[in-house]
Structure formats: structure tokens, C-alpha cells
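Quick notes on the structure that follows.
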Amino acid sequence: MAISPSQRRYLRSLAHDLHPVILLGAKGATEAVVKELDLALSHHELVKVKLSGGDKEEREEQIQFLIDGTRAESVQQIGHIVVLFRRNEEDPRLALPR
Numbered sequence: 006m007a008i009s010p011s012q013r014r015y016l017r018s019l020a021h022d023l024h025p026v027i028l029l030g031a032k033g034a035t036e037a038v039v040k041e042l043d044l045a046l047s048h049h050e051l052v053k054v055k056l057s058g059g060d061k062e063e064r065e066e067q068i069q070f071l072i073d074g075t076r077a078e079s080v081q082q083i084g085h086i087v088v089l090f091r092r093n094e095e096d097p098r099l100a101l102p103r
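Final position of the sequence shown in our numbering is 103; the numbers increase by one with none missing.
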């Protein structure tokens, strides 16, 4: 399910006050990180992730690995921080605008 531009704007406003829940270390994005992120997305729906160092291409690879592993959508990326969203179909926590 793709999110609309107005929904993306709303999610960015909600994410502004969040602190990163997942911090990637020197090993970067691994299967263990994907499992933790999957749990965090199931519980919170909207999660901030702080990426490990590296150049822009390396960060893009990490983001794509996390998105593919969790079926989440990228809401925003600024520097080393990315905001991911995945709707919890059984128990939605966030009411999205149309």
C-alpha cells in the first residue's frame, strides 16, 4: 500500500519528535536488525532508524535492505536518520488522513 503525499506529510510531522528506536552499528543492516525493526514496526508503526556511518550509497543500500526485509515504506531521510512506516493491519495505531 503506497502512502499519498498528504499522508507522508502527516507522518513526517508525527516523526519530528521521535527518537531513533533502532541504531545501526559498525556491521550495518543485518538480519538481526531486520527482526528487531520488524517488531518495532509491528508495535509502533512509525519508527526512526539511525544509520551507521559511510557514504551516501552505503546508507541507501542499508535503507533498501531494511525496507525489503520489513515491507515498510520510507517516509523521510535526512542525513543518517530514516523514518519508516508500516501499517499494522490487525491493530492500527495511527489514523492516516485520506
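No residue lacks a Cβ here, since even glycine has one placed at the ideal position from N, Cα and C.
Because the structure is a prediction, the values reported are computed rather than measured.
Legend entry - Between the CA atoms of LYS53 and GLY30 - distance to the nearest angstrom: 15 Å
Inset, instruction - Classify VAL38 as helix, strand or coil using the three-state DSSP reduction. - result: helix
Inset, instruction - Using only alpha-carbon positions, find the residue among ARG103, ILE8, GLY84, LEU16 that is nearest to HIS49. - result: LEU16
Legend entry - Close Cβ partners of ASP43 (< 7 Å) along its chain, the five nearest in sequence each way excluded: THR75
Legend entry - Enclosing beta strand (DSSP E) for LEU23 [first to last residue]: Here LEU23 belongs to no beta strand (DSSP E), and DSSP marks it neither H nor E.
Inset, instruction - Classify GLN67 as buried or exposed, calling it buried when 16 or more other Cβ atoms lie within 10 Å of its own Cβ. - result: buried
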